[in-house]
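Enquirer:
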Amino acid sequence: MSALPAETVPPSQSFLRLALANRSFVIGALITVIIAGMALLSYVWTPYSATDLSVLNKMKGVSAEHWFGTDHFGRDILSMIMVGARSSIAVAILAVGIGIVIGVPLGCYAAATGGWIDEALMRINDLVFAFPALLSAIMITAIFGPGATNAIIAIGIFNIPVFARVARAGALSIWPREFILAARASGKGKVLITIEHILPNIVSLLLVQGTIQFALGILAEAGLSYLGLGTQPPMPSWGRMLFDAQTRMMAAPHLAIFPGLAIVVTVLGLNLLGDGARDILDPRLRRVR
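Residue 251 in my numbering sits at position 142 of the sequence shown; the count goes up by one each step and never skips.
1. For the candidate residues Ser163, Gly183, Ala159, whose alpha-carbon lies nearest to that of methionine 189?
2. Give a yes or no on whether the C-beta atoms belonging to cysteine 217 and alanine 291 are separated by under 8 angstroms.
3. For alanine 115, does the three-state DSSP call read helix, strand or coil?
4. To the nearest angstrom, how far is it from the Cα of valine 164 to the Cα of aspartate 185?
5. Leaving out five residues before and five after arginine 293 in sequence, what residues of the same chain have Cβ atoms less than 8 angstroms from its Cβ?
6. For aspartate 388, count neighbouring Cβ atoms within 10 angstroms of its own Cβ and tell me buried if that reaches 16, exposed if not.
7. Provide the residue span of the alpha helix (DSSP H) that contains methionine 168, from first to last.
8. Go ahead and pull the three-state DSSP assignment for glutamate 287.
9. To the nearest angstrom, how far is it from the Cα of isoleucine 226 to the Cα of alanine 220?
10. If you run the structure through DSSP and keep just helix, strand and coil, what is threonine 141?
11. Since threonine 222 is in the alpha helix (DSSP H), which residue starts that stretch and which ends it?
12. Check whether the region 251-266 touches the region 196-206, counting contact only when three or more Cβ pairs, one atom from each stretch, lie closer than 8 angstroms.
13. Return the residue from the list Ile289, Arg195, Ile321 that minimises the CA-CA distance to threonine 340.
14. To which residues of the same chain is histidine 306 closer than 8 angstroms at the C-beta, ignoring the five residues directly before and after it?
15. For the region 318-330 and the region 373-387, state whether three or more C-beta atom pairs, one from each stretch, are separated by less than 8 angstroms.
16. Rounded to the nearest angstrom, what separates valine 354 and alanine 365 at their Cα positions?
17. I think glycine 193 touches asparagine 166, with their Cβ atoms under 8 angstroms apart; what is that distance to the nearest whole Å?
18. Asparagine 268 and isoleucine 207 - do their beta-carbons sit closer together than 8 angstroms?
19. To the nearest angstrom, how far is the alpha carbon of aspartate 161 from that of proline 343?
20. With a threshold of 6 angstroms on Cβ separation, who are the neighbours of glycine 212 within its own chain once the five nearest residues in sequence on each side are excluded?
21. For alanine 257 and isoleucine 249, what's the separation of their Cα atoms in angstroms?
22. Following a CB-centred definition, is arginine 126 positioned closer than 7 angstroms to any heavy atom of the ligand FAD?
23. Are leucine 315 and valine 275 close, meaning C-beta to C-beta below 8 angstroms?
24. Quick one: what's aspartate 185 bridged to in DSSP?
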């Protein structure tokens, strides 16, 4: 009599079990969901208008009426942080999307082709990578003017070589595998192999890198807005709020504390989420821990 096959656990249940057991992933996911929920809520409700001025209420401290106080124009800081969250998240998502859509195909193509094409693409990649998002934004805004769209383009251009490198490295580790050799022997071309075999095997790497780049995108957007190159008034932005607060730190420290905390908590949550996702998706790290 043959032995009964062992009960298999569906991949979704296995991932959920590992995710719930990973403290970093749980904390990061909770923080990310709260920030994303706050941004979504701002589309339908905020305690006060984030753009209306109220001179009579300017520079008020923390109170039951204004939980985070008001700024030098009398705007409610909590409402501004909620609206600023959606600006930061939108810029980061679109910038990471540009990096994935352009960088991943380039990296996979370089790994599949090899030779001088691979070398040329990687050297161009290095050239683009040499220009940080901030420097790219300064050059772009010098030509087209400041704004959220140009900030997205600048951060997105910076993300392209990052995802190209990750995709290429992951693809190069998969191409020598036996199942790839079997697929080539069966007559499949490089494009079909990349779509059917390479991409599914590197998607975990791309997800983890995407989380990290998303956090860096939040920081980059805040930095560009601080310099006046990102989201423009009257739309609130965390970086712009810090810029407006720098000359009023002694009189009203809450103007800088709360937007600064929003940036720190958001980036921390995304980094914890990415770190936890890497531990879950990489079986080698699970064995070590």
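We treat Cβ as the ideally placed atom computed from N, Cα and C, and that holds for glycine.
Expert: A quick look at the data gives this:
1. Taking the first residue of the sequence shown as 1, we reach residue 189 at position 80. Nearest C-alpha to methionine 189: Ala159.
2. Here the question's residue 217 lines up with position 108 in the sequence shown. Here the question's residue 291 lines up with position 182 in the sequence shown. Against a cut-off of 8 angstroms, the Cβ pair of alanine 291 and cysteine 217 comes out as no contact.
3. The sequence position of residue 115 within the sequence shown is 6, counting from 1. Interpretation of alanine 115 is limited by its pLDDT of 44, a score under 50 that renders its predicted location unreliable; no figure is taken from the coordinates.
4. Walking along the sequence shown from the start, residue 164 turns up at place 55. Walking along the sequence shown from the start, residue 185 turns up at place 76. Approximately 12 angstroms, taken between the alpha carbons.
5. By one-based count along the sequence shown, residue 293 stands at place 184. So the qualifying residues of the chain are Ile302.
6. Counted from its first residue, the sequence shown places residue 388 at position 279. Classification of aspartate 388: buried, given that the 10 Å Cβ count is 16 or more.
7. The residue you call residue 168 lines up with position 59 of the sequence shown. No alpha helix (DSSP H) contains methionine 168, which DSSP labels as neither H nor E.
8. The sequence position of residue 287 within the sequence shown is 178, counting from 1. Three-state result, glutamate 287: helix.
9. Along the sequence shown, read from residue 1 onward, the residue named residue 226 stands at position 117. Along the sequence shown, read from residue 1 onward, the residue named residue 220 stands at position 111. So the two alpha carbons sit approximately 9 angstroms from each other.
10. In the sequence shown, residue 141 corresponds to position 32, counting from 1. Threonine 141 falls in the helix class under three-state DSSP.
11. As a working mapping, residue 222 is identified with position 113 in the sequence shown. Element bounds for threonine 222: 213-222.
12. yes
13. Your numbering for residue 340 matches position 231 in the sequence shown. Threonine 340 has its Cα closest to that of Arg195, out of Ile289, Arg195, Ile321.
14. Numbered from its first residue, the sequence shown carries residue 306 at position 197. Around histidine 306: Ile283, Phe288, Ile289, Ala292.
15. yes
16. Residue 354 sits at position 245 when you count from the first residue of the sequence shown. Residue 365 sits at position 256 when you count from the first residue of the sequence shown. Checking the sequence shown, residue 354 turns out to be alanine, not valine. Distance between the alpha carbons of alanine 354 and alanine 365 is about 5 angstroms.
17. Within the sequence shown, residue 193 is the residue found at index 84, counting from 1. Within the sequence shown, residue 166 is the residue found at index 57, counting from 1. Actually they are not in contact, since the Cβ atoms of glycine 193 and asparagine 166 sit about 19 angstroms apart, beyond 8 angstroms.
18. Mapped onto the sequence shown, residue 207 falls at position 98. Mapped onto the sequence shown, residue 268 falls at position 159. For isoleucine 207 and asparagine 268, yes; Cβs fall inside 8 angstroms.
19. Along the sequence shown, read from residue 1 onward, the residue named residue 161 stands at position 52. Along the sequence shown, read from residue 1 onward, the residue named residue 343 stands at position 234. Roughly 9 angstroms separates the two Cα atoms.
20. Along the sequence shown, read from residue 1 onward, the residue named residue 212 stands at position 103. Counting only Cβ-Cβ distances below 6 angstroms, and skipping sequence neighbours, we find Ile269, Phe272, Ala273.
21. Stepping through the sequence shown from its first residue, residue 257 is reached at position 148. Stepping through the sequence shown from its first residue, residue 249 is reached at position 140. Taking the straight line joining both Cα atoms gives about 12 angstroms.
22. By its list of ligands, the structure shown contains no ligand whatsoever, and the ligand FAD lies outside what it can speak to.
23. In the sequence shown, the residue the question calls residue 315 occupies position 206. In the sequence shown, the residue the question calls residue 275 occupies position 166. Cβ distance < 8 angstroms, so leucine 315 and valine 275 count as in contact.
24. Taking the first residue of the sequence shown as 1, we reach residue 185 at position 76. In DSSP, aspartate 185 forms a bridge with Thr179.
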